[in-house]
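Student:
Residue numbers (the numbering used here): 1 to 170.
Pasting the structure below:
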């Protein structure tokens with residue numbers, strides 16, 4: 001099964017000049033979703049992951065499933081003012097602007113083994129900010145894990161010290 005058949009291109013979203021990779025068809029199809037999950041956990045079984053950090057919002061879809069499959073806990077990283085407890089934050093550049101992410105200050109304990117999951121590795125700004133948050137809390141990043149990587153945007157360069165896995169590469 002080719003997961004690329006379940007990821008559609010949307011031209012001009014969220015703004016003109018951007019080609020958005022929409023995972024909605026992947027989420028709708030149970031067999032494609034199961035295959036994607038299988039690929040996402042395929043390199044993780046012996047890594048002893050304590051927590052899966054999912055990035056708002058599309059990182060939540062498979063992040064929670066990965067956590068369940070690995071018998072790990074799930075930690076959300078969210079946009080500002082969405083988490084109810086005390087947080088730390090990191091601001092980063094996107095391919096079309098800037099943004100900020102937050103995590104609860106007690107979400108990760110020093111030395112915990114962390115998998116970071118998001119839907120796409122593009123320019124790397126988002127995932128670099130999440131890595132910074134995890135490391136500030138004392139977590140040990142085991143892998144940065146994605147449904148897809150847009151390799152032509154060179155996002156790997158921003159997290160080159162991390163192990164990276166993507167189920168699909170463009």
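Every residue gets a Cβ at the ideal spot worked out from N, C-alpha and C, and that includes glycine.
Being a predicted model, the structure only gives us computed values, none of them experimental.
#1: With respect to the beta strand (DSSP E) encompassing residue 169, which residues constitute its N-terminal and C-terminal limits?
#2: May I ask which residues mark the beginning and end of the beta strand (DSSP E) holding residue 33?
#3: Which first and last residues belong to the alpha helix (DSSP H) in which residue 66 is found?
#4: Assuming the contact rule is C-beta atoms closer than 8 angstroms, residue 115 and residue 71 should be a hit. Round their C-beta distance to whole Å, please.
#5: Is residue 16 helix, strand or coil by DSSP?
#6: Using the C-alpha atoms, what's the distance from residue 117 back to residue 62?
#7: Any contact between the segment 79–87 and the segment 145–162? By contact I mean 3 or more CB pairs, one from each, below 8 angstroms.
#8: I need the straight-line Cα distance from residue 120 to residue 40, nearest angstrom please.
#9: Count the CB pairs spanning the segment 38–58 and the segment 7–22 that are closer than 8 angstroms, and state whether there are at least three.
#10: According to DSSP, is residue 82 helix, strand or coil?
#11: For residue 138, which residues in the same chain have their Cβ closer than 7 angstroms to its Cβ, ignoring the five residues on either side in sequence?
#12: State yes or no: is the C-beta of residue 47 within less than 8 angstroms of the C-beta of residue 113?
#13: Do residue 125 and residue 157 count as a contact pair if the criterion is CB distance below 8 angstroms?
#14: Measure from the alpha carbon of residue 122 to the alpha carbon of each residue in 78, 169, 132, 136, then state which is nearest.
#15: Given this structure, state the Cα-to-Cα distance separating residue 162 from residue 53, to the nearest angstrom.
Tutor: According to the data block:
#1: 164–169
#2: From DSSP, residue 33 is part of no beta strand (DSSP E) but of the alpha helix (DSSP H) over 30–41.
#3: 58–69
#4: Wrong, their Cβ atoms sit about 12 angstroms apart, outside the cutoff.
#5: coil
#6: 8 angstroms
#7: no
#8: 12 angstroms
#9: no
#10: coil
#11: 108, 109, 110, 111
#12: yes
#13: no
#14: 169
#15: 15 angstroms
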